[in-house]
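Below is one structure, written out as structure tokens, with a few remarks after it.
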Amino acid sequence: MHRVNVSYFGICGAHGFDTCVHVVYMMCSILQAHGIGNDAVGIASIRRGEVKIVKCLTPRGLLIDLPLTPKLVEELSGRTVLASTGSYTVAEESSYRYIQPFVDCREELLLLHDGYVENYVKYYHELKKRGHRFVTEVNGNVISSEVVVHMLEECLEDAVNLLDALLMVCSKLSNDLRGVVVAVHRDIEDICAVAVCRDVSRVRKVAVAVDENSWAFASFRDRVLGQEIALGMKALAPVLSLMNKPTTEILRYGEAALLTPGKLVKRCINQDRKRVLIEW
20 MHRVNVSYFG
30 ICGAHGFDTC
40 VHVVYMMCSI
50 LQAHGIGNDA
60 VGIASIRRGE
70 VKIVKCLTPR
80 GLLIDLPLTP
90 KLVEELSGRT
100 VLASTGSYTV
110 AEESSYRYIQ
120 PFVDCREELL
130 LLHDGYVENY
140 VKYYHELKKR
150 GHRFVTEVNG
160 NVISSEVVVH
170 MLEECLEDAV
180 NLLDALLMVC
190 SKLSNDLRGV
200 VVAVHRDIED
210 ICAVAVCRDV
220 SRVRKVAVAV
230 DENSWAFASF
240 RDRVLGQEIA
250 LGMKALAPVL
260 SLMNKPTTEI
270 LRYGEAALLT
280 PGKLVKRCIN
290 QDRKRVLIEW
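Listed below in structure tokens is the structure:
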């Protein structure tokens, strides 16, 4: 049986820029430069409802193992681009299965997760019985984060919007869901749902930014009290200079947000889903 260890994730993304892949690529470079996920990178692009995903192992570094060639830029030329960096210990032949973003069975949802799911085996078997397919499944082993995207797929059928569905997942998984979760639907790519779930050390946070035409996010980990704003803005540095008077926010444990061009709606995970805490 393959033993899989995912020790460190970085996740980031942006929407609304002609140079979106360049911006997200630079964000990935910053994450890896700070030691956040040096082993692999996964980049997904949405263009006119079509999803393209490129995954690459990066033991020599992003610039060497996945150079931003004209061919790659064309392949990932959508105006919504999501990416992850990760540290993995996996068998070589199955490595690419474990690189995020993950997709649902219909390949409509893209999910990034800087965290893990406790007791995920229970949820995995329940979802398998209901017909869900897991791409990370190798000899009975599966990455816990893939449980989240399939549960989100089910919740979206009864939800008002993508954030409502994500909050339903947070409720169903209760204290088992840890870390930062981000989701985008290929058919409504200008909307992004973000949630910061239970984290024992509470170091996982996500910086978000919105202006009239675009949004962006980047997860980071703050272990030094009082440094979170500086760290969050550093993670977003490649995109902030391209935005017009952006609204920025640091999401912490227990907070969620819906990002759309021109609007950031912030919600509380563990309270009434209809309650809007902050709205710009």
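Heads up: the sequence shown begins at 20 in the numbering used here, then just goes up one per residue. Glycine is no exception: its CB is placed at the ideal position from the N, C-alpha and C atoms. All values reported here derive from a predicted model rather than from experimental measurement.
Quiz item: Could you give the C-beta distance for Cys211 and Phe236, rounded to a whole number, given that I count them as a contact under 8 Å?
Solution: 7 Å
Practice problem: Mark Leu19 as exposed unless 16 or more other C-beta atoms lie within 10 angstroms of its C-beta, in which case mark it buried. | Solution: The structure shown does not extend to residue 19, since the chain is modelled only from 20 through 299, so no value can be given for it.
Practice problem: Enumerate in chain order the residues of its own chain whose CB-to-CB distance from Lys119 is below 6 Å, with the five nearest sequence positions on each side excluded. | Solution: The sequence shown places Gln at residue 119, not Lys. Cβ neighbours of Gln119 beyond the five flanking positions: Gly61, Ser103 and Leu131.
Quiz item: Can we say the stretch 258 to 269 touches the stretch 190 to 207, given the rule of at least three CB pairs closer than 8 Å?
Solution: no
Quiz prompt | Ala184 classed as buried or exposed, judged by whether at least 16 other C-beta atoms fall within 10 angstroms | solution = buried
Exercise. Kindly indicate which three-state DSSP category Ile49 falls into: helix, strand or coil?
Key: helix
Practice problem: Counting only the same chain and skipping the five closest in sequence on each side, list residues whose C-beta sits under 7 Å from that of Glu94. | Solution: Lys71 and Val73
Quiz prompt | Where Leu175 falls, given that 16 or more other Cβ within 10 Å makes a residue buried | solution = buried
Quiz item: For Gly97, which residues of its own chain have a beta-carbon under 6 Å away from its beta-carbon, when the five flanking residues on both sides are left out?
Solution: Ser64, Ile65 and Arg66
Quiz item: For the putative contact between Ser9 and Gly35, defined by C-beta atoms under 8 Å, what is the C-beta separation to the nearest angstrom?
Solution: Here the chain has residues from 20 to 299 only, and residue 9 is not among them.
Exercise. Starting from the Cα of Glu165, find the closest Cα among Ser193, Ala178, Tyr135 and Leu182 and give me that residue.
Key: Tyr135
Self-check item: For Phe239 and Val308, the rounded distance between their alpha carbons
Solution: In this structure the chain extends from 20 to 299, so residue 308 is not present and cannot be described.
Practice problem: From the DSSP output, in three-state form, read off Glu69 for me. | Solution: strand
Self-check item: Length of the line joining the Cα atoms of Asn57 and Leu181
Solution: 30 Å
Quiz item: Whose C-beta lies closer than 7 Å to the C-beta of Met45 among residues of the same chain, with five residues either side of it excluded?
Solution: Pro257
Self-check item: Counterpart residues of Tyr44 in DSSP-defined beta bridges
Solution: According to DSSP, which records beta bridges pairwise, Tyr44 is partnered with nothing at all.
Quiz item: Are the CB atoms of Leu278 and Val179 nearer to each other than 9 Å?
Solution: no
Quiz item: What did DSSP end up calling Asp133 once you bin it into helix, strand or coil?
Solution: strand
Exercise. Check the DSSP bridge columns for Met274 and list the partner residues they point to.
Key: First, the amino acid is wrong: residue 274 is Glu here, not Met. Cys287, per the DSSP bridge assignment.
Quiz item: If you follow the beta strand (DSSP E) that His151 is part of, which residue opens it and which one closes it?
Solution: Looking at the DSSP string, His151 is not in any beta strand (DSSP E), and its letter there is neither H nor E.
Quiz item: If you check the beta carbons only, do His53 and Leu128 fall under 9 Å apart?
Solution: no
Quiz item: If you measure from the CB of Leu131, is any heavy atom of the ligand ADP nearer than 8 Å?
Solution: With respect to the ligand ADP, the structure offers nothing, as it holds no ligand at all.
Quiz item: With 16 other CB atoms within 10 Å as the buried threshold, where does His144 fall?
Solution: exposed
Quiz item: Secondary structure at Val215, three-state DSSP: helix, strand or coil?
Solution: strand
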